[in-house]
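Peer 1: What follows is a single structure, and I will ask about it in a moment.
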Amino acid sequence: MVFRTCYYRKENPTLFFGDKVNAYCVKDFCSAIDKFIEGGQKNLTVDFQNVVKAYPNGMLPVISTLNSLRRDSIRVYIKLPNHDDTRKLFRSVNWAHYLSPDQFEKSESVHDRHLVTRKFETPEQQKNVVNDFMDVVLRSMPIPKDVISGLEWSINEITDNVLNHSESNEGGYIQASTYISTQTIAFAVADSGRGILKSMQEGFPNLRTDLDAIGEAIKAGVTRDPKFGQGNGLAGSLRVSTLTGGSFDITSGSGRLIVTNNESTRKRLYSVYKGTIVCGQIKVDENFSISEALDFDGKVKYIPLNIVDYRYEMDEKDCLLLKMAEETTGFGSRRSGYQIRTKVKNLLNSKFGYPIIIDWSGVPVISSSFADEIIGKLFLEMGAMSFSSLVKNISMEDLVRGLLDKAVAQRLTQAEDEEVNI
7 MVFRTCYYRK
17 ENPTLFFGDK
27 VNAYCVKDFC
37 SAIDKFIEGG
47 QKNLTVDFQN
57 VVKAYPNGML
67 PVISTLNSLR
77 RDSIRVYIKL
87 PNHDDTRKLF
97 RSVNWAHYLS
107 PDQFEKSESV
117 HDRHLVTRKF
127 ETPEQQKNVV
137 NDFMDVVLRS
147 MPIPKDVISG
157 LEWSINEITD
167 NVLNHSESNE
177 GGYIQASTYI
187 STQTIAFAVA
197 DSGRGILKSM
207 QEGFPNLRTD
217 LDAIGEAIKA
227 GVTRDPKFGQ
237 GNGLAGSLRV
247 STLTGGSFDI
257 TSGSGRLIVT
267 NNESTRKRLY
277 SVYKGTIVCG
287 QIKVDENFSI
297 SEALDFDGKV
307 KYIPLNIVDY
317 RYEMDEKDCL
327 LLKMAEETTG
337 FGSRRSGYQI
347 RTKVKNLLNS
357 KFGYPIIIDW
367 SGVPVISSSF
377 ADEIIGKLFL
387 EMGAMSFSSL
397 VKNISMEDLV
407 RGLLDKAVAQ
417 RLTQAEDEEV
427 NI
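So this note's numbering is basically just the index in the sequence shown, starting at one, shifted up by 6.
Below is the structure:
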C-alpha cells in the first residue's frame with residue numbers, strides 16, 4: 007500500500023491531509039487536485055482535521071492553488087485541524103484566512119520573530135512585504151551587514167520574479183521566520199502562475215522539461231528576456247543561501263531542485279504544481295561575503311544597498327535615524343525593549359562609525375522595564391564613552407526622558423558596584 011500525504015475522495019468531493027503538511031505533500035496534493043478537476047465538480051472540501059504539524063513550504067502552494075480554483079468558480083470549504091495549537095496556528099499566521107477568506111477573518115496578530123503569510127500583487131505591496139520582513143529580522147537577532155544585504159537582495163529578487171515572470175493572476179504569497187537557536191532565517195514564496203518552464207521557453211524554446219528549465223534559471227545571466235532583468239535573481243539567491251551554510255529549494259511543474267553547499271538533488275515529480283515555489287534557509291554567518299556571493303563574472307565586486315542604507319541613513323549626514331513612533335513592537339514590555347535594542351545594535355554594526363539618533367516624537371509614555379531594556383542595557387553593553395558618542399535620544403516627553411535617565415543611572419550604579427566588588 008502506498009502512503010499518501012494527501013488524497014481525494016470523489017464522494018462529497020473532499021481532499022484529506024494526513025498529520026503533516028510540508029513540501030513533500032505538494033506532489034500528492036497536486037495529484038488529488040487533478041483528480042478533482044477531472045471529475046468536473048464545482049464544490050470542494052479540504053479537510054485538515056488530522057493535521058498536527060504544518061509548514062510554510064507546504065501551506066503556501068496549497069493556498070495559492072485553492073485561490074486559483076476559486077477564480078475558476080470552484081467553491082472551496084475548509085475544515086481546520088482538530089489539534090488546538092495547530093488550529094490556532096492556522097488562524098494566527100493567516101493560513102485560515104487565505105485558504106478561505108469567506109470563512110475566516112484576517113488575523114491582526116503581530117509576531118516577534120515571524121512574518122505571517124502575506125499576499126502581494128503590486129510593486130508597492132511587494133516593497134512593503136520585503137521591508138516588514140527585514141524589520142522582523144533586524145529586531146530578532148544580531149545579524150552581520152553582509153547577511154542583511156544578502157537576505158534582502160534575495161527576497162527582493164524572488165518576489166520580483168513573481169510579478170515579472172510568473173503571469174500569476176493573483177500575485178504571490180510569502181511567509182518567513184527567524185530561528186534564534188539555530189541562527190537561521192527561513193522563507194517561502196509561492197505563486198500559481200505559468201511555471202518556470204513556460205517562462206523560460208520564451209527565450210529558450212528548445213527546453214522540454216521542468217527540471218531542465220529550473221537548471222537554466224539558476225545559471226547567472228540566463229533570462230527569458232533581457233528587457234525584464236539580467237537573469238541573476240535565482241542564481242544569486244541560491245548562492246546567498248548556500249554560501250551561508252543554508253539551503254535553496256525550487257519546485258515548479260513536475261521538477262524539484264534542492265541545493266546545499268555540499269550537494270544538489272534533482273527530483274522529477276509524478277504530479278505537476280501549476281506555479282513555482284521557492285524556499286530558502288539563510289544562516290547567520292560572520293564570514294559570509296555578499297560581494298563573493300554576487301560575483302557572477304569575477305570582475306566587478308557588486309555590493310547592493312540594503313534597508314539600512316535607504317531607510318535609516320539620513321540624506322545629508324553620516325548618521326542613522328530611528329523613529330520610535332514607527333516601530334510596531336509597543337513600548338510596554340521588556341520583550342519589546344529587547345527587540346528595539348537588538349535592532350539598534352544591528353543598525354550600528356551595519357554602518358560602522360555612524361551615530362544613531364533615536365527620535366521619540368509621538369511617544370507619550372513608556373514602561374520602566376522597556377526603558378531599562380532598550381537604553382539601560384544598551385548603555386551597559388556599549389560603555390559610557392561609546393554610548394554617549396554613538397547614541398542620541400531626541401524629542402522626548404518629560405516622562406520618557408525621566409524614565410530613560412533613570413534607566414541609565416541605575417545601570418551606571420550597577421556597573422560601579424560590580425567594579426567595587428571585583
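For every residue, glycine included, the Cβ atom is placed at its ideal position computed from N, Cα and C. These figures come from a predicted structure and were not determined experimentally.
In the DSSP assignment, find the beta strand (DSSP E) that holds Gln132 and state where it starts and stops.
Peer 2: Along the sequence shown, one-based indexing puts residue 132 at 126. No beta strand (DSSP E) holds Gln132; the alpha helix (DSSP H) holding it covers Pro129 to Leu144.
Peer 1: Do Tyr14 and Ala38 have their CB atoms nearer than 8 angstroms?
Peer 2: Against the sequence shown, residue 14 aligns to sequence position 8. Against the sequence shown, residue 38 aligns to sequence position 32. Cβ distance < 8 angstroms, so Tyr14 and Ala38 count as in contact.
Peer 1: In three-state terms, what does DSSP make of Gln207?
Peer 2: For this step, residue 207 is matched to residue 201 along the sequence shown. DSSP places Gln207 in coil when its eight states are reduced to three.
Peer 1: Alpha carbon to alpha carbon, how far is Ser187 from Gln287? Give it in angstroms, no decimals.
Peer 2: Along the sequence shown, one-based indexing puts residue 287 at 281. Along the sequence shown, one-based indexing puts residue 187 at 181. Approximately 14 angstroms between the Cα atoms of the pair.
Peer 1: DSSP on Glu111, reduced to helix/strand/coil?
Peer 2: As a working note, residue 111 is residue 105 in the sequence shown. Note: Glu111 maps to coil in three-state DSSP.
Peer 1: As an exercise, report each continuous beta strand (DSSP E) stretch of at least 3 residues that is fully enclosed by the region 322 to 356, in chain order.
Peer 2: Here the runs fully enclosed are 326 to 329.
Peer 1: Count the other C-beta atoms from every protein chain shown that fall within 10 angstroms of the C-beta of Tyr316, then say buried if there are 16 or more, exposed otherwise.
Peer 2: Working through the sequence shown from its first residue, we reach residue 316 at position 310. When all chains shown are included, Tyr316 counts as exposed.
Peer 1: Taking all protein chains shown into account, decide if Lys16 is buried (16 or more other Cβ within 10 angstroms of its Cβ) or exposed.
Peer 2: Locating residue 16 in the sequence shown gives position 10, counting from the first residue. Lys16 comes out exposed.
Peer 1: Quick one: what's got a C-beta closer than 7 angstroms to Thr3's C-beta in the same chain, skipping five residues either side?
Peer 2: For the chain, the structure presents residues 7 to 428; residue 3 sits outside this window and is missing.
Peer 1: Give the secondary structure of Phe22 by DSSP, where H, G and I count as helix, E and B as strand, and everything else as coil.
Peer 2: Numbered from 1 along the sequence shown, position 16 holds the residue referred to as residue 22. Three-state DSSP puts Phe22 in a strand.
Peer 1: How big is the Cα-Cα spacing for Ala413 and Val371?
Peer 2: Working through the sequence shown from its first residue, we reach residue 413 at position 407. Working through the sequence shown from its first residue, we reach residue 371 at position 365. Distance between the alpha carbons of Ala413 and Val371 is about 14 angstroms.
Peer 1: Quick one: what's Gly286 bridged to in DSSP?
Peer 2: Reading the sequence shown from its first residue, position 280 is the one you call residue 286. BP columns for Gly286 point to Phe193 and Phe254.
Peer 1: In chain order, what residues of the same chain have a beta carbon less than 7 angstroms from the beta carbon of Asp152, not counting five sequence neighbours either side?
Peer 2: Position 146 of the sequence shown, counted from the first residue, corresponds to residue 152. So the qualifying residues of the chain are Phe294, Ser295 and Ile296.
Peer 1: Take Thr71 and list the residues in its own chain whose beta-carbon comes closer than 8 angstroms to its own, dropping the five residues that flank it on each side.
Peer 2: Numbered from 1 along the sequence shown, position 65 holds the residue referred to as residue 71. Correct list, in chain order: Phe35, Cys36, Ile39, Ser198, Tyr279, Lys280 and Gly281.
Peer 1: Could you tell me the boundaries of the beta strand (DSSP E) in which Asp53 lies?
Peer 2: Along the sequence shown, read from residue 1 onward, the residue named residue 53 stands at position 47. Here the beta strand (DSSP E) through Asp53 covers Asn49 to Asp53.
Peer 1: Grab me the residues of Asn100's own chain with a C-beta within less than 7 angstroms of its C-beta, minus the 5 sequence neighbours each way, in chain order.
Peer 2: Translated into the one-based positions of the sequence shown, residue 100 becomes position 94. So the list reads Lys112, Ser113, Val122 and Thr123, once near-sequence residues are dropped.
Peer 1: Measuring only the C-alpha atoms, how far is Asn49 from Asp255?
Peer 2: Within the sequence shown, the letter at position 43 stands for residue 49. Within the sequence shown, the letter at position 249 stands for residue 255. C-alpha separation (whole angstroms): 32 angstroms.
Peer 1: Roughly how many angstroms separate the alpha carbons of Leu300 and Leu353, rounded to a whole number?
Peer 2: Reading the sequence shown from its first residue, position 294 is the one you call residue 300. Reading the sequence shown from its first residue, position 347 is the one you call residue 353. Computed Cα separation, rounded: 23 angstroms.
Peer 1: Please identify the residue among Leu328, Phe393, Ile164 and Lys323 whose C-alpha is closest to the C-alpha of Gly177.
Peer 2: For the purposes of this step, residue 177 is taken as residue 171 along the sequence shown, with counting starting at 1. Of the listed residues, the one whose Cα sits closest to Gly177 is Ile164.
Peer 1: Is Arg93 helix, strand or coil by DSSP?
Peer 2: Translated into positions along the sequence shown, residue 93 becomes position 87. Helix.
Peer 1: Closest to Phe393 by C-alpha separation, out of Leu405, Arg347 and Arg97, would be which residue?
Peer 2: By 1-based counting over the sequence shown, the position of residue 393 is 387. Among Leu405, Arg347 and Arg97, the Cα nearest to that of Phe393 belongs to Arg347.
Peer 1: For the putative contact between Val145 and Thr335, defined by C-beta atoms under 8 angstroms, what is the C-beta separation to the nearest angstrom?
Peer 2: Translated into positions along the sequence shown, residue 145 becomes position 139. Translated into positions along the sequence shown, residue 335 becomes position 329. It should be pointed out that residue 145 corresponds to Arg in this sequence rather than to Val. Yes, Arg145 and Thr335 are in contact; Cβ-Cβ is about 7 angstroms, under 8 angstroms.
Peer 1: According to the Cβ coordinates, are Ala192 and Ala182 closer than 8 angstroms?
Peer 2: Residue 192 sits at position 186 when you count from the first residue of the sequence shown. Residue 182 sits at position 176 when you count from the first residue of the sequence shown. Yes, Cβ-Cβ distance for Ala192 and Ala182 is below 8 angstroms.
Peer 1: Tell me the DSSP secondary structure of Asn399 in three-state form.
Peer 2: As a first step, residue 399 is located in the sequence shown; it is residue number 393 there, counting from the start. It is a strand residue.
Peer 1: When you compare only the Cα positions, how much space is there between Gln131 and Ala415?
Peer 2: Taking the first residue of the sequence shown as position 1, residue 131 is located at position 125. Taking the first residue of the sequence shown as position 1, residue 415 is located at position 409. Going by the C-alpha atoms only, they are around 44 angstroms apart.
Peer 1: Just reading off the alpha helix (DSSP H) that Phe376 is part of, what are its end residues?
Peer 2: For the purposes of this step, residue 376 is identified with residue 370 of the sequence shown, where counting begins at 1. Element bounds for Phe376: Ser374 to Ala377.
Peer 1: Can you pull the DSSP bridge partners for Phe126?
Peer 2: Position 120 of the sequence shown holds residue 126. DSSP output for Phe126 lists Gly178 as bridge partner(s).
Peer 1: Mapping DSSP to helix, strand and coil, what is Leu275?
Peer 2: Here residue 275 corresponds to residue number 269 of the sequence shown, with the count starting at 1. Strand.
Peer 1: Rounded to whole angstroms, what is the Cα-Cα separation between Arg417 and Met140?
Peer 2: Mapped onto the sequence shown, residue 417 falls at position 411. Mapped onto the sequence shown, residue 140 falls at position 134. Distance between the alpha carbons of Arg417 and Met140 is about 31 angstroms.
Peer 1: Check each candidate in Val143, Leu217, Asn162 and Lys273 and name the one with the smallest Cα separation from Thr190.
Peer 2: Residue 190 sits at position 184 when you count from the first residue of the sequence shown. Of the listed residues, the one whose Cα sits closest to Thr190 is Val143.
Peer 1: Report the three-state DSSP secondary structure of Pro232 (helix, strand or coil).
Peer 2: On the sequence shown, residue 232 is found 226 positions in, with the first residue counted as 1. The pLDDT assigned to Pro232 is 44, lower than 50, so where the model puts this residue is not dependable, and the model offers no usable value.
Peer 1: Going by Cα to Cα distance, which pick from Val397, Ala223, Val68 and Leu384 is closest to Ser429?
Peer 2: Residue 429 lies beyond the range of the chain shown here (7 to 428); nothing can be said about it.
Peer 1: For His120, which residues does DSSP report across the bridge?
Peer 2: Translated into positions along the sequence shown, residue 120 becomes position 114. BP columns for His120 point to Ser183.
Peer 1: Would you call the region 205 to 215 and the region 76 to 87 touching, i.e. three or more CB-CB distances under 8 angstroms?
Peer 2: Touching, no.
Peer 1: Leaving out the 5 sequence neighbours to the left and right, which residues in its chain are closer than 8 angstroms to Val58 when beta-carbon positions are compared?
Peer 2: Working through the sequence shown from its first residue, we reach residue 58 at position 52. Contacts found: Asp25, Lys26, Pro87, His89 and Thr92.
Peer 1: At the level of alpha carbons, what is the spacing between Arg214 and Leu203?
Peer 2: Start at 1 with the first residue of the sequence shown, and residue 214 comes out as number 208. Start at 1 with the first residue of the sequence shown, and residue 203 comes out as number 197. One C-alpha to the other measures close to 8 angstroms.
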